[in-house]
Amino acid sequence: MLDFRLDEEYEALRKTVEEFAREEVAPVIGGFYEREEFPYDIVAKMGRMGLFGLPFPEEFGGMGGDYFALCLALEELARVDSSVAITLEAGVSLGAMPLFRFGSDEQKRQWLPKLCAGEALGAFGLTEPGGGSDAGALRTTARLDGDEWVLNGTKAFITNSGTDITALVTVAAVTGRKDDGRPEISAVLVPSGTPGFSVSKKYSKVGWNASDTRELSFQDCRVPAANLVGERGRGYAQFLQTLDEGRVAIAALGVGLAQGCVDECVKYAREREAFGHPIGQYQAIRFKIADMEARVHTARLAYYQAASKMLRGEPFKREAAIAKLVSSETAVDNAREAAQIFGGYGFMNEYPVGRFYRDAKILEIGEGTSEVQRMLIARELGL
Ligand SMILES: Cc1cc2nc3c(=O)[nH]c(=O)nc-3n(C[C@H](O)[C@H](O)[C@H](O)COP(=O)(O)OP(=O)(O)OC[C@H]3O[C@@H](n4cnc5c(N)ncnc54)[C@H](O)[C@@H]3O)c2cc1C
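Right under this line is the structure:
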């Protein structure tokens with residue numbers, strides 16, 4: 001059956017998040033962005049709304065929803081602001097999801113209720129200063145010494161890793177060599193504050209300025225052997241699964257940003273006058289906005305379809321890569337056109353489109369660059 005309508009529950013959630021974003025995030029987030037300040041109160045409210053628990057079962061403090069529900073929430077948040085949206089995306093899809101999918105019962109019981117409530121944030125440490133696209137070429141090591149893992153290495157650009165409520169980071173590390181000599185990669189949970197684990201000050205970033213991104217360093221950092229997440233040596237496969245899902249979420253975030261550009265431009269083009277008429281009466285502007293709307297509509301269909309395959313349990317790697325590629329390029333294109341339509345005001349912090357312009361670029365880079373998405377799509381085609 002082909003049906004792209006949202007059922008009542010999805011629509012109710014979408015509407016609730018839309019109102020929250022418009023009424024509680026939009027009026028204040030510009031200030032947080034300019035001050036490069038993490039918006040703790042907004043995150044706490046999102047926690048009370050259940051957004052961090054959306055795709056998790058109630059027994060772990062979740063809302064019993066699914067991954068598509070998370071995507072809808074991300075889209076509505078990103079329509080107004082991407083820092084808040086990426087904080088939710090990384091908290092759920094990179095922080096909590098690997099524990100839910102691969103963690104032991106004890107790990108789930110210990111960590112998921114706090115993560116689902118938004119009272120604590122989890123981070124996901126895969127990328128290293130020496131490279132992110134080649135995720136198999138990790139240098140960080142975790143050596144088993146008695147009943148403890150000893151971690152050494154550095155991670156770069158890790159979202160949600162240094163806030164006051166960050167509780168843990170799941171670290172990708174080399175835990176040995178396989179029989180064929182290739183590195184054995186595993187995931188190890190490191191709680192915040194563990195001796196030997198230090199977090200740098202926040203990066204100064206081009207965008208996502210109200211979100212938290214830091215470098216992490218591990219120096220003879222010891223955690224119990226029971227902190228292994230999933231099976232030893234299965235870390236690489238686990239990360240690939242985490243990233244496939246994360247790409248659908250990032251696609252939703254990109255669609256939200258691109259839709260936010262359309263929303264702002266329609267309002268502005270009706271009001272702003274030049275040469276005696278609202279600029280929305282000029283074909284050059286109308287066509288730009290029509291193209292923006294056509295792109296965002298197409299990108300939304302791409303992520304809906306990837307999500308529907310994911311929820312049915314079918315392979316969705318190709319669709320996730322396509323959705324992420326199309327959506328992130330749409331976000332960049334729409335943000336560039338939106339800034340153009342706003343003229344000089346497009347370059348001012350007073351209007352959200354300047355923020356959209358700065359926030360869009362990272363979508364073509366994070367959770368797999370556009371080149372990596374094209375490599376995946378070509379590989380899926382048998383090339
Ligand atoms: C704000 C922000 C937040 C992030 N959050 C996280 C996080 O929470 N956790 C985490 O683990 N990582 C995170 N990242 C890291 C992000 O996923 C990486 O930056 C990204 O995967 C690219 O890796 P890189 O920066 O090392 O670029 P590189 O891998 O060095 O790539 C550089 C360039 O070379 C291209 N390239 C590489 N290999 C090929 C190839 N074979 N063929 C063609 N082109 C190629 C790339 O596409 C890119 O254009 C974050 C990054 C940022 C900026």
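Numbering (the UniProt record's numbering) for the sequence shown: 1 to 383. The beta carbon of each residue, even a glycine, is placed where N, CA and C say it ideally should be.
* Extent of the continuous alpha helix (DSSP H) to which E245 belongs -> 235-271
* Asked: Which first and last residues belong to the alpha helix (DSSP H) in which D83 is found?
  -> The amino acid at residue 83 is misidentified as Asp; the sequence shows Ser. Taken as a continuous stretch (DSSP letters only), the alpha helix (DSSP H) holding S83 covers 82-89.
* Using 8 angstroms as the cut-off, classify the Cβ of N160 as near or not near the heavy atoms of ligand 1, replying yes or no. => yes
* To do: Can you have a look at S133 and say buried or exposed, based on whether 16 or more other CB atoms are within 10 angstroms of its CB?
  => exposed
* Could you name the residues that DSSP lists as bridge partners for E184? => G176
* To do: Please work out which residues of its chain come closer than 6 angstroms, Cβ to Cβ, to G53, disregarding the five sequence neighbours upstream and downstream, and give them in chain order.
  => For G53, the CB contacts under 6 angstroms within the same chain, skipping 5 residues up- and downstream, are G61, G62, M63, C116 in chain order.
* Asked: Can you tell which of T159, G162, G125, K178 has the C-alpha that lies nearest to the C-alpha of G153?
  -> When each option's Cα is compared against that of G153, the closest is G125.
* Asked: How many whole angstroms separate the CB atoms of Y236 and G354, which I take to be in contact at a CB cut-off of 8 angstroms?
  -> Incorrect: roughly 39 angstroms between the Cβ atoms, too far for contact.
* Range of the contiguous alpha helix (DSSP H) that encloses Q305 -> Q305 -> alpha helix (DSSP H) spans 283-311.
* If you draw a straight line from the alpha carbon of L138 to that of G122, how long is it in whole angstroms? -> 21 angstroms
* Asked: Where in the UniProt domain "Acyl-CoA oxidase/dehydrogenase middle" (123-221) do unbroken runs of the alpha helix (DSSP H), each at least 4 residues long, occur, reported from the N-terminal end onward?
  -> none
* Measure the C-alpha to C-alpha separation of G176 and P183 and round it to an integer number of angstroms. => Computed Cα separation, rounded: 6 angstroms.
* Asked: For ligand 1, is there a heavy atom less than 8 angstroms away from the beta-carbon of D134?
  -> For D134, the shortest separation between its Cβ and any heavy atom of ligand 1 lies below 8 angstroms.
* **Meets three-Cβ-pair contact criterion under 8 angstroms: the segment 341-359 and the segment 23-43** => yes
* To do: Along the alpha helix (DSSP H) that carries D66, what are the first and last residues, could you check?
  => Premise fails: D66 is in no alpha helix (DSSP H) and is neither H nor E.
* Asked: In terms of alpha-carbon separation, which member of S217, A69, Q241, K324 lies closest to F157?
  -> S217
* Report yes if the C-beta of F124 is less than 8 angstroms from at least one heavy atom of ligand 1; otherwise report no. => The answer is yes for F124.
* Does the segment 280-295 touch the segment 94-110, meaning 3 or more C-beta pairs lie closer than 8 angstroms? -> Taking 8 angstroms as the limit for Cβ pairs, the verdict is that the segment 280-295 does not touch the segment 94-110.
* Does DSSP put A339 in a helix, a strand or coil? -> helix
* Can you name, in chain order, every residue of its own chain whose Cβ lies under 8 angstroms from the Cβ of G346, other than the five neighbours on each side? -> For G346, where only same-chain residues beyond five positions count, the Cβ hits under 8 angstroms are A338, A339, Q340, V353, G354, Y357.
* Given a threshold of 16 other Cβ atoms within 10 Å of its Cβ, counted over all protein chains shown, does E231 qualify as buried or as exposed? -> Under this definition E231 is an exposed residue.
* Taking only runs that begin and end inside the segment 338-381, name each unbroken beta strand (DSSP E) of 3 or more residues, in chain order. => none
* Using alpha carbons as the reference points, say which of A225, R300, N334 lies closest to R5. => It is R300 whose Cα lies nearest to the Cα of R5.
* Asked: Does DSSP put A117 in a helix, a strand or coil?
  -> Reduced to three states, the DSSP call for A117 is coil.
* To do: Say yes only if the C-beta of A156 is nearer than 8 angstroms to one or more non-hydrogen atoms of ligand 1, and no if none qualify.
  => Under cutoff, so the answer is yes.
* To do: Could you pull out every residue in the same chain whose Cβ sits closer than 6 angstroms to the Cβ of I279, ignoring the five residues on either side in sequence?
  => A269, R272, I285
* Taking the alpha helix (DSSP H) that G31 falls in, what are its first and last residues? -> 26-35
* Asked: Looking at D212 and G256, is the spacing between their C-beta atoms short of 9 angstroms?
  -> no
* To do: Indicate whether E9 and A73 have their beta-carbon atoms separated by less than 9 angstroms.
  => No, the pair does not count as a contact, with Cβ atoms beyond the cut-off.
* **Per DSSP, cross-strand counterpart(s) of L228** => V188
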